[in-house]
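Q: Structure below; questions to follow.
Numbering (my numbering), first residue to last: 31 to 393.
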């Protein structure tokens with residue numbers, strides 16, 4: 031499913047991946063792709079970069095992942111490869127190679143030339159352009175996160191990178207932990223929120239006696255009767271299997287997978303996607319949705335990392351999509367700190383969903 035979905039997007043020139051990849055400053059195309067699974071393969075994750083002739087970079091990433099099971103398949107167990115040596119492997123593996131002309135599209139070339147002209151004009155002028163004077167260029171990175179019937183999560187991502195990037199620049203898409211991540215672990219099931227117990231004072235006990243409040247006295251002596259405070263937030267997510275209730279003390283499987291899009295250098299500096307996963311794994315009672323919001327949501331870590339450059343250069347902007355699986359319960363999660371993020375998914379009832387902004391659509 032994921033391979034078919036990303037291949038379709040790579041073959042569509044509307045997206046900054048495969049056929050629609052943007053140009054470097056030198057007028058070339060350097061494509062990137064990645065795949066990671068929560069289990070099932072020894073490598074788990076791979077990244078491909080600086081590709082100029084591979085028609086579908088996501089297919090090359092798949093070969094890198096799966097051929098490890100066949101004594102390496104020529105990759106010697108490496109998780110990341112780039113450039114001509116990787117393309118030689120692609121040819122040996124029977125993948126389709128194309129001439130650089132295949133990736134040329136008028137839209138991307140015009141963006142490339144316009145960007146160079148604007149940069150030259152800015153250098154010859156003392157005026158600092160405002161953000162309104164720059165035409166908005168969609169990031170266009172494509173990503174897919176899937177949950178199969180066996181409970182394995184997989185994430186696949188493909189991109190042409192940043193418009194007018196320096197040749198040789200490596201972005202977040204092929205970098206494990208920065209622009210994509212998948213993992214799983216076994217944990218004790220999440221019980222109900224813990225109760226906060228405060229030792230009783232003599233004054234409080236006398237007050238309860240004077241009011242005839244027997245329950246109040248017992249509550250001060252027995253934590254099990256004390257009131258509790260829940261700290262659960264309101265993350266942006268869609269939950270399936272609402273009848274699922276973990277049993278306290280039972281070991282359950284927890285898996286997450288995510289793909290990011292936006293300013294790649296920000297994802298790299300913050301190790302954005304793996305950090306969101308780590309929040310879910312190592313913070314008590316933290317969902318993946320809350321981790322994604324802390325990193326990619328409004329005023330999250332990515333936005334804060336841009337400091338006073340936020341809103342002027344595109345730095346810090348981005349979003350993350352993902353799936354979290356806890357036991358038999360799956361949740362589609364997402365968040366972003368920019369104007370919108372194109373995303374679509376199919377829920378467990380087969381209903382197709384599509385959104386750009388944060389609010390629900392109404393008829």
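A virtual CB, placed ideally from N, CA and C, is assigned to each residue, including glycine.
Only a predicted model underlies this, so the values are computations on that prediction, with no experimental measurement involved.
(1) Name the residue from 47, 86, 141 and 127 whose alpha carbon lies nearest to the alpha carbon of residue 57.
(2) Our contact map puts residue 349 next to residue 385 with C-beta atoms below 8 angstroms; I'd like the distance itself, whole angstroms only.
(3) Whose C-alpha, out of 387, 361 and 352, is nearest the C-alpha of residue 368?
(4) Skipping 5 residues on each side, what residues in its chain have a beta carbon closer than 8 angstroms to that of residue 302?
(5) Take the Cβ of residue 47 as the centre, count every other Cβ of all protein chains shown within 10 Å, and call the residue buried at 16 or more, exposed below.
(6) Report the three-state DSSP secondary structure of residue 163 (helix, strand or coil).
(7) What is the DSSP secondary structure of residue 134, counted as helix, strand or coil?
(8) Check this for me: beta carbons of residue 30 and residue 91, under 8 angstroms apart or not?
(9) Leaving aside the five residues before and after residue 304 along the sequence, list all residues of the same chain whose C-beta is less than 6 angstroms from its C-beta, in chain order.
(10) Please state the DSSP three-state secondary structure of residue 236.
(11) In or out: residue 38 buried (at least 16 other Cβ within 10 Å) or exposed?
(12) What's the gap between the Cα of residue 390 and the Cα of residue 380?
(13) Should the region 306-324 be called in touch with the region 182-200, which here means at least 3 C-beta pairs below 8 angstroms?
(14) Hey, residue 51 and residue 145: beta-carbon distance below 8 angstroms or not?
(15) Can you tell me the Cα-Cα spacing of residue 340 and residue 83, whole angstroms?
(16) My output table needs one value for residue 72: the three-state DSSP class, helix, strand or coil.
(17) Let's test the definition: count the other Cβ atoms within 10 Å of the Cβ of residue 226 and tell me whether it reaches 16, buried, or not, exposed.
(18) Is it buried or exposed, residue 124, if we count other Cβ atoms within 10 angstroms and call 16 or more buried?
(19) When the Cα atoms are used, what is the spatial distance from residue 182 to residue 213?
(20) Quick check on residue 312: does DSSP put it in helix, strand or coil?
(21) Whole-angstrom Cβ separation of residue 175 and residue 353, contact assumed at under 8 angstroms?
(22) Whole angstroms is fine: what's the gap from residue 383's alpha carbon to residue 358's?
(23) Is it buried or exposed, residue 200, if we count other Cβ atoms within 10 angstroms and call 16 or more buried?
(24) So, at 6 angstroms on beta carbons, what are the nonlocal neighbours of residue 188 in its own chain, with the 5 sequence-adjacent residues on each side left out?
(25) With the cut-off set at 8 angstroms, would you say residue 81 and residue 60 are in Cβ contact?
(26) Determine, using beta carbons only, whether residue 319 and residue 363 come nearer to each other than 8 angstroms.
(27) Find out if the Cβ-Cβ distance for the pair residue 111, residue 360 is shorter than 8 angstroms.
(28) If you draw a straight line from the C-alpha of residue 43 to the C-alpha of residue 218, how long is it?
(29) Straight-line CA distance for residue 127 to residue 334?
(30) Taking residue 292 as part of the alpha helix (DSSP H), name the residues at either end of that continuous run.
(31) From what residue to what residue does the alpha helix (DSSP H) around residue 331 run?
(32) What's the call for residue 143, buried or exposed, on a 16-neighbour Cβ count within 10 Å?
(33) In or out: residue 75 buried (at least 16 other Cβ within 10 Å) or exposed?
(34) With distances taken from CA atoms, which of 137, 309 and 336 is nearest residue 45?
A: Based on what the coordinates show:
(1) Position 27 of the chain shown, counted from the start, is the residue given in the question as residue 57. The candidate whose alpha carbon is nearest that of residue 57 is 141.
(2) Locating residue 349 in the chain shown gives position 319, counting from the first residue. Locating residue 385 in the chain shown gives position 355, counting from the first residue. 11 angstroms between Cβ atoms; not a contact.
(3) On the chain shown, residue 368 is found 338 positions in, with the first residue counted as 1. Measuring from the Cα of residue 368, the nearest candidate turns out to be 387.
(4) The count along the chain shown starts at 1 and reaches residue 302 at position 272. Excluding positions up to five away in sequence, the list reads 202, 208, 209, 290, 296, 325, 326, 331, 332, 348 and 350.
(5) Residue 47 sits at position 17 when you count from the first residue of the chain shown. Its Cβ being crowded by 16 or more others within 10 Å, residue 47 is buried.
(6) Position 133 of the chain shown, counted from the first residue, corresponds to residue 163. Model confidence at residue 163 stands at a pLDDT of 40, short of 50, so the residue's coordinates are unreliable; what they give is reported in the following sentence. Helix.
(7) Taking the first residue of the chain shown as 1, we reach residue 134 at position 104. Looking at residue 134 - three-state DSSP - the assignment turns out to be coil, as it is neither helix nor strand.
(8) What is shown of the chain runs 31 to 393, which leaves residue 30 out entirely.
(9) For the purposes of this step, residue 304 is taken as residue 274 along the chain shown, with counting starting at 1. Cβ within range, chain order: 207 and 211.
(10) Position 206 of the chain shown, counted from the first residue, corresponds to residue 236. Caution applies to residue 236, whose pLDDT of 48 falls short of 50 and renders its modelled position unreliable; the value that the coordinates give is listed next. Correct three-state label for residue 236: helix.
(11) The sequence position of residue 38 within the chain shown is 8, counting from 1. With a 10 Å radius around the Cβ and a threshold of 16 neighbouring Cβ atoms, residue 38 comes out exposed.
(12) Position 360 of the chain shown, counted from the first residue, corresponds to residue 390. Position 350 of the chain shown, counted from the first residue, corresponds to residue 380. Taking the straight line from one Cα to the other gives about 18 angstroms.
(13) no
(14) Looking up residue 51 in the chain shown gives position 21. Looking up residue 145 in the chain shown gives position 115. Going by C-beta atoms, residue 51 is not nearer than 8 angstroms to residue 145.
(15) Translated into the one-based positions of the chain shown, residue 340 becomes position 310. Translated into the one-based positions of the chain shown, residue 83 becomes position 53. Their backbone Cα atoms lie some 36 angstroms apart in a straight line.
(16) Counting from one through the chain shown, the residue named residue 72 turns up at place 42. Coil, per DSSP.
(17) Counted from its first residue, the chain shown places residue 226 at position 196. Low confidence applies to residue 226: its pLDDT is 39, below 50, so where it sits in the model is not reliable enough to give any reading.
(18) Residue mapping note: residue 124 aligns to position 94 of the chain shown, counting from 1. Exposed, because fewer than 16 other Cβ atoms sit within 10 Å of the Cβ of residue 124.
(19) Taking the first residue of the chain shown as 1, we reach residue 182 at position 152. Taking the first residue of the chain shown as 1, we reach residue 213 at position 183. Each residue's Cα considered, the two are about 10 angstroms apart.
(20) Numbered from 1 along the chain shown, position 282 holds the residue referred to as residue 312. Assignment of residue 312 by DSSP, reduced to helix, strand and coil, places it in the helix class.
(21) Within the chain shown, numbered from 1, the residue matching residue 175 stands at position 145. Within the chain shown, numbered from 1, the residue matching residue 353 stands at position 323. Right, their Cβ atoms sit about 5 angstroms apart.
(22) One-based indexing of the chain shown puts residue 383 at position 353. One-based indexing of the chain shown puts residue 358 at position 328. Cα to Cα, residue 383 sits roughly 22 angstroms from residue 358.
(23) Counting from one through the chain shown, the residue named residue 200 turns up at place 170. With 16 or more Cβ atoms within 10 Å of its Cβ, residue 200 is classed as buried.
(24) Reading the chain shown from its first residue, position 158 is the one you call residue 188. Hits under 6 angstroms: 36, 40, 47, 63, 87, 88 and 172.
(25) Mapped onto the chain shown, residue 81 falls at position 51. Mapped onto the chain shown, residue 60 falls at position 30. In this structure, residue 60 lies closer than 8 angstroms to residue 81 by Cβ.
(26) Along the chain shown, read from residue 1 onward, the residue named residue 319 stands at position 289. Along the chain shown, read from residue 1 onward, the residue named residue 363 stands at position 333. Yes.
(27) Along the chain shown, one-based indexing puts residue 111 at 81. Along the chain shown, one-based indexing puts residue 360 at 330. Contact flag unset, no.
(28) Counting from 1 along the chain shown, the entry for residue 43 is found at position 13. Counting from 1 along the chain shown, the entry for residue 218 is found at position 188. As the crow flies, the alpha-carbon of residue 43 is around 46 angstroms from that of residue 218.
(29) Counting from one through the chain shown, the residue named residue 127 turns up at place 97. Counting from one through the chain shown, the residue named residue 334 turns up at place 304. Their backbone Cα atoms lie some 41 angstroms apart in a straight line.
(30) Reading the chain shown from its first residue, position 262 is the one you call residue 292. Premise fails: residue 292 lies in the beta strand (DSSP E), 281-292, not in any alpha helix (DSSP H).
(31) For the purposes of this step, residue 331 is identified with residue 301 of the chain shown, where counting begins at 1. Start and end: 331-335.
(32) Looking up residue 143 in the chain shown gives position 113. It is exposed - the Cβ of residue 143 has fewer than 16 other Cβ atoms within 10 Å.
(33) Your numbering for residue 75 matches position 45 in the chain shown. Per the 10 Å Cβ criterion, buried.
(34) Numbered from 1 along the chain shown, position 15 holds the residue referred to as residue 45. Ranking the options by Cα distance to residue 45, first place goes to 137.
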